[in-house]
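Read through the structure below, which is laid out as structure tokens, and then see the notes.
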Amino acid sequence: MSAIDDLPPLREVIRRHDLRARKSLGQNFLLDLNLTARIARAAGPLAGVDVVEIGPGPGGLTRALLAQGARRVIAVERDDRAIAALAEIGARYPGRLEIVAGDALEFDVRPHLTGAPTRVVANLPYNIASALLVRWLTIEPWPPWYDRLVLMFQREVAQRIVARAGSKSYGRLAVLAGWRGEARMLFDVAASAFVPPPKVTSSVVDLAPRPRPLACDLAALERVTEAAFGQRRKMLRQSLKSLGVDPLALLAAAGIEATERAEQIPVEGFVALARALAAARR
Ligand code: SAM
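Be aware that the sequence shown starts at 382, since it is given in our numbering, and climbs by one per residue.
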């Protein structure tokens, strides 16, 4: 028995299904159901909400999401060994757990959407965490199919997502996250909470998508942030030369001093630069 349901403890599930963690799959499991319940609670009231979970593994967070009242959990898992363990959770919550066996990078959520609010809650495999986040932040057309992302990352990646201009962690990821959403750091989870423990601390991040981000062309925004942060210690009049248009004209059109550096420019400044770039190429 465990604290949140009448399913067996996760250690027993792992033993029975021979689910020893594999590094190649980014497997660091959370076995403390109080902690997984804390992450599920951080995702807010879940009644009436469909949750997409990437990488459920033995199902600690899955169980917490279902116990917390999620209408449905769509769980995408690449490791075949975990599928049978997850099926036992599905039997405990009939009709509420959809198990998708496959690679999250290839997963198309659209056929699974039911019209209910959909939230992504996951302890992500670290090797694909940033790629998944960028994918969710660059969905077109916007607004996206999810109403919130509540995700666990390595702390260093979490800092790069929530960073503000002027901080060392501020870069392309923060500009993208800040343009399309409002991200905040919720809490840290010590390495010792995982089996096996990773080398670094982890953090849970909450990101709420902006219904109407400042209008700007995504490709142009990516080009200016790539150029600016590609040479982050240089002044923008230098680093933006790689865009192939006059950097001084771009900076003037965006109302930004030519001697500023990428790290000092808030999201609105990059949006203004992207607009100026798009206009210069028209
Ligand atoms: N959610 C579980 C927990 O909190 O204990 C496991 C988290 S573990 C950090 C990451 C999980 O993602 C593993 O179960 C792993 O098999 C799965 N995974 C790794 N790469 C994946 C991929 N490309 N698509 C789907 N799942 C993947």
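C-beta atoms are modelled at their ideal positions from N, C-alpha and C, and glycine is treated no differently. Computed from a prediction, not measured in an experiment: that's the story for all the values here.
Next on the checklist: Quick check: what's the CA-CA separation for A635 versus A653?
Outcome noted: Numbered from its first residue, the sequence shown carries residue 635 at position 254. Numbered from its first residue, the sequence shown carries residue 653 at position 272. In a straight line, the C-alpha of A635 is about 5 Å away from that of A653.
Item to check | Range covered by the alpha helix (DSSP H) that runs through N508 | outcome: Numbered from 1 along the sequence shown, position 127 holds the residue referred to as residue 508. Neither: N508 is in no alpha helix (DSSP H) and is coded neither H nor E.
Next on the checklist: Closer than 7 Å to a non-hydrogen atom of the ligand SAM - does that hold for the CB of L486?
Outcome noted: Sequence index remark: in the sequence shown, residue 486 carries index 105 (1-based). Yes, since a heavy atom of the ligand SAM falls inside the 7 Å radius drawn around the Cβ of L486.
Checklist entry - If you draw a straight line from the alpha carbon of D460 to that of P578, how long is it in whole angstroms? => result The residue given as residue 460 occupies position 79 in the sequence shown. The residue given as residue 578 occupies position 197 in the sequence shown. Spanning the two alpha carbons is a distance of roughly 19 Å.
Next on the checklist: Within a Cβ cutoff of 8 Å, which residues of the same chain sit near Y527, ignoring the five residues on either side of it in sequence?
Outcome noted: As a first step, residue 527 must be located in the sequence shown, where it is residue number 146. The residues are V433, T499, R500, V501, W517 and P590.
Checklist entry - Which residues in the same chain as Q612 place their Cβ atom closer than 6 Å to its Cβ, once the five residues preceding and following it in sequence are excluded? => result Along the sequence shown, one-based indexing puts residue 612 at 231. For Q612, where only same-chain residues beyond five positions count, the Cβ hits under 6 Å are S620.
Checklist entry - Quick one: is the Cβ of V457 within less than 7 Å of any heavy atom of the ligand COA? => result As presented, the structure is devoid of the ligand COA, carrying the ligand SAM as its sole ligands.
Checklist entry - Do A558 and P647 have their CB atoms nearer than 8 Å? => result Along the sequence shown, one-based indexing puts residue 558 at 177. Along the sequence shown, one-based indexing puts residue 647 at 266. No, Cβ-Cβ distance for A558 and P647 is not below 8 Å.
Item to check | P590: first and last residue of the uninterrupted alpha helix (DSSP H) it sits in | outcome: For this step, residue 590 is matched to residue 209 along the sequence shown. Looking at the DSSP string, P590 is not in any alpha helix (DSSP H); the run it does join, the beta strand (DSSP E), is S583 to P590.
Checklist entry - For the beta strand (DSSP E) that contains R529, what are its first and last residues? => result Position 148 of the sequence shown, counted from the first residue, corresponds to residue 529. First-last of the beta strand (DSSP E) with R529: Y527 to Q535.
Checklist entry - Which ranges does the beta strand (DSSP E) cover as unbroken runs of at least 3 residues, wholly within the segment 458 to 513, from first to last along the chain? => result Secondary structure within the segment 458 to 513: the beta strand (DSSP E) runs of 3 or more consecutive residues, fully enclosed, are 478 to 482 and 499 to 504 (chain order).
Checklist entry - Under the three-state reduction of DSSP, which class applies to R613: helix, strand or coil? => result Indexing the sequence shown from 1 puts residue 613 at position 232. Coil, per DSSP.
Next on the checklist: When you measure from the CB of Q408 to every non-hydrogen atom of the ligand SAM, does any distance come out below 7 Å?
Outcome noted: For the purposes of this step, residue 408 is taken as residue 27 along the sequence shown, with counting starting at 1. Indeed, a heavy atom of the ligand SAM lies less than 7 Å from the Cβ.
Checklist entry - How would you label N415, buried or exposed, when you count the other beta carbons within 10 angstroms and need 16 or more for buried? => result Numbered from 1 along the sequence shown, position 34 holds the residue referred to as residue 415. Exposed is the call here.
Item to check | E458 burial status per 10 Å Cβ neighbour count (16 or more: buried) | outcome: Within the sequence shown, numbered from 1, the residue matching residue 458 stands at position 77. Buried, since its Cβ has 16 or more Cβ neighbours within 10 Å.
Checklist entry - Any beta-carbon of chain B closer than 8 Å to the one on E638? => result The structure shown contains no chain B; it holds only a single protein chain.
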